[in-house]
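Data first, discussion second: the structure below is written as structure tokens.
Following this line, the structure appears as structure tokens:
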């Protein structure tokens, strides 16, 4: 029975390391053969690939009996880059173990170009930055969106003519675009959601008089309020997301009378972040596309009753940050997979015993996470006013010389406290060594030990001896 060669890929350093743009990937390929093996070629590749899969229902005559055949499979695989090196070509190996080192580097941009005439208008034509490692399942049966980076070693044997492959997956995240100290806020004036006061009630004679005198027929009671949202368009994980609201009047506040004075209070705030993942595969005439959406309510505050001043931004959040977890994937767009986010801010304002809702949805770009600096973390902890006191150092102490309770005290039905006089040394013989060792005797009082009682035997039951 022929044994397959043992082919492995080993990565230097931490296998769970997250690589960045321009980082080096160093490792080795090992091959162990149990008998003479003639190898045609041994190669190592560094590949970045984008894979999409989905299914669509279809019907042809005869497939109504088999539900599995009622769906058509679509799959597409695009290589973002492919670096290849030949380690061995046309060599005969004996029973031995060989090792070859390799060294690759993550590129700055993708190396593949696709024409929109052959792949459709939705494909990105020019090279772009590498997307992060990503994996998501779609709602279609068997649907998958995958972006992977890996090292692959392939061995082509002559007899028998087979190809053996092994891979080692690498985790990749885009490099942060500089340091973003504070989020840049963008103001959005919501004219379509202007608050308008109620119209005055007028009689039929007033309407006729106003029409004859050509006066305004829409008198209002008070000014109009125009809301403005101040939201960021780009945020990074672990960074504060400021959200502000400002209300402005259509006229100068000094021209209002006492009856026209308007007082507004903040009643509730709701913030929702939506995630949209799009994957497609196929040709221009048939491009099945799957979109997975997810909505997460981040903030929901009710009954705030906070007064709002006009022409002054009012903060709606104090410590609103993105959780740095597996779901917080940076926004990206590659050939067949797209990941984008939106943030919906809904605010309820109470004005003159009336409530009106201000709602705004803006696109949100999540930037790559900043790597934690261990030196900066230690310096921040040293200057933290609320730093936790370190635990005291362990100091060994002398063992206690107190008497421990013996077995009889712990497990007797009526335990009694041990005392020094009650400890009696007895000597027992050891079968193993033949020496005697002192042990602790029983502590049960002598008065409680049951003594055997011998009663006289009746005369009728006495045995008569023969003379």
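Numbering (the UniProt record's numbering), first residue to last: 1 to 467. Just so it is clear, CB atoms sit at the ideal spot from N, CA and C, and this is done for glycine as well. Keep in mind the model is a prediction, meaning the values are calculated, not measured.
Taking the DSSP output, what are the residues bridged to residue i?
i: residue 306; result: 266
i: residue 360; result: 345
i: residue 335; result: Its beta-bridge partners do not exist; DSSP assigns none.
i: residue 38; result: 92
i: residue 315; result: 244
i: residue 57; result: 71
i: residue 365; result: 234
i: residue 486; result: Because residue 486 is not part of the residues shown, which for the chain are 1 to 467, the question remains open.
i: residue 354; result: 351
i: residue 177; result: None; residue 177 has no bridge partner.
Under the rule that 16 or more other beta-carbon atoms within 10 Å means buried, what is residue i, buried or exposed?
i: residue 6; result: exposed
i: residue 89; result: exposed
i: residue 307; result: exposed
i: residue 91; result: exposed
i: residue 315; result: exposed
i: residue 369; result: buried
i: residue 192; result: exposed
i: residue 42; result: buried
i: residue 296; result: exposed
i: residue 48; result: buried
i: residue 235; result: buried
i: residue 251; result: exposed
i: residue 153; result: buried
i: residue 223; result: buried
i: residue 334; result: buried
i: residue 353; result: exposed
i: residue 267; result: buried
i: residue 245; result: buried
i: residue 72; result: exposed
i: residue 53; result: buried
i: residue 232; result: buried
i: residue 300; result: exposed
i: residue 468; result: The structure shown has nothing for residue 468, since the chain only spans 1 to 467.
i: residue 31; result: buried
So for residue i, helix, strand or coil by DSSP?
i: residue 274; result: strand
i: residue 192; result: helix
i: residue 154; result: strand
i: residue 24; result: strand
i: residue 48; result: strand
i: residue 281; result: coil
i: residue 166; result: strand
i: residue 226; result: strand
i: residue 291; result: strand
i: residue 16; result: coil
i: residue 329; result: coil
i: residue 10; result: strand
i: residue 323; result: coil
i: residue 370; result: coil
i: residue 491; result: The chain is shown only over 1 to 467; residue 491 falls outside these bounds and no answer can be derived.
i: residue 4; result: coil
i: residue 30; result: strand
i: residue 148; result: strand
i: residue 490; result: What is shown of the chain runs 1 to 467, which leaves residue 490 out entirely.
Checklist entry - Does the stretch 24-33 come within contact of the stretch 134-144, defined as at least 3 CB pairs closer than 8 Å? => result no
Checklist entry - Does the stretch 318-338 come close enough to the stretch 232-242 to have 3 or more Cβ pairs within less than 8 Å? => result yes
Next on the checklist: Give the list of continuous alpha helix (DSSP H) stretches no shorter than 4 residues that lie fully inside the stretch 63-145.
Outcome noted: 116-119
Checklist entry - Counting pairs of Cβ atoms below 8 Å between the stretch 130-139 and the stretch 165-173, do you hit three or more? => result yes
Checklist entry - Should the stretch 70-83 be regarded as contacting the stretch 97-115, the criterion being three or more beta carbon pairs within less than 8 Å? => result yes
Checklist entry - Is it true that the stretch 148-162 meets the stretch 6-24, where meeting means three or more beta-carbon pairs spaced less than 8 Å apart? => result yes
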